[in-house]
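Novice:
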Amino acid sequence: NKNYTVNVKYGDFEIKKIEAEIVITGPVDSKTYDGTELTADPEKVTVEGLPEGYEVVEVEVTGTATEVGDEGTTEVTSYKIVDENGNDVTDQFDDDTIEVKPGKLTINPAEVTIVVYDSSKVYGTDDPAFEGTVTGLVNEKDLGDVTYVRNGDEESVGTYLDVLDANYKENKNYTVNVKYGDFEIKK
């Protein structure tokens, strides 16, 4: 229409990154000591704050632990965020609002039981060789050479409760429970 002068003002259109407070935490896992390595499992990564319809996939993690005290930190080294159609939309999220936290691997000590057998001797004779059993070790020599001894030097006829004990090398990978033996000196 010639009766009008039309001036068009164009507006700006901005596509912003998705701003969601997302926390991705590395795997947290533990096991009882068994001599084998505990490795970070990407299936145990946790994600908080991800908007509905999105998923974190193809997660890669690092971290291992084998012995008690070697607790390992797990790290998320890479991941993708996909939409409900499986499209990679990682670059549509604002990196400043995504926090990636480490996880932790823990090795708990294994339970070991040492049973010191009851024993006896005849009054006036030498002590016999004391014996016992060890159960729960991963490797036979993990406590060194276990020896069985008598605490105290009583030589009178009688029964002495819980005086037979075990000597062993401490090992951080085990919680050791000793069942003490009784010793009887007979006439």
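Here the numbering used here is used: the first residue of the sequence shown is -8, the next is one more, and so on. Ideal Cβ positions, reconstructed from N, Cα and C, are used throughout, including at glycine.
What number of angstroms, rounded off, separates the C-alpha of V106 from the C-alpha of I72?
Specialist: 55 Å
Novice: Within the chosen definition, does the region 113 to 120 reach the region 32 to 50 through at least 3 CB pairs nearer than 8 Å?
Specialist: no
Novice: Here's the rule: buried if 16 or more other CB atoms are within 10 angstroms of the residue's CB, otherwise exposed. What is T138?
Specialist: exposed
Novice: Run through the DSSP bridge pairs and tell me what A157 is partnered with.
Specialist: Y139
Novice: What are the partner residues of E10, as DSSP defines its beta bridges?
Specialist: Beta-bridge pairing links E10 to no other residue.
Novice: Which term fits Y24, buried or exposed, when burial requires 16 or more other beta carbons within 10 angstroms of its beta carbon?
Specialist: Of the other Cβ atoms in all chains shown, 16 or more fall within 10 Å of the Cβ of Y24; this residue is therefore buried.
Novice: Pairing CB atoms from the region 88 to 101 with CB atoms from the region 42 to 57, are three or more of them under 8 Å?
Specialist: yes
Novice: So, at 6 Å on beta carbons, what are the nonlocal neighbours of E90 in its own chain, with the 5 sequence-adjacent residues on each side left out?
Specialist: V14
Novice: Would you list the residues sitting across from T53 in a DSSP beta bridge?
Specialist: E66
Novice: With 16 as the cutoff for other CB atoms within 10 Å, does G123 come out buried or exposed?
Specialist: Buried, since its Cβ has 16 or more Cβ neighbours within 10 Å.
Novice: According to the neighbour-count rule (16 or more other Cβ atoms, all chains shown, within 10 Å of its Cβ), is N142 buried or exposed?
Specialist: Exposed is the call here.
Novice: How should P119 be labelled, buried or exposed, when 16 other C-beta atoms within 10 angstroms of its C-beta is the threshold for buried?
Specialist: P119 is exposed by the Cβ-count criterion.
Novice: Of the residues S110, I6, K22 and E49, which one's Cα is nearest the Cα of Y70?
Specialist: E49
Novice: In chain order, what residues of the same chain lie with their CB nearer than 6 Å to the CB of E46, ignoring the 5 residues before and after it?
Specialist: Excluding positions up to five away in sequence, the list reads V73.
Novice: Rounded to whole angstroms, how far is the Cβ of D153 from the Cβ of D173, which I believe are closer than 8 Å?
Specialist: 7 Å
Novice: Measuring CB to CB, does N168 end up less than 8 Å from T104?
Specialist: yes
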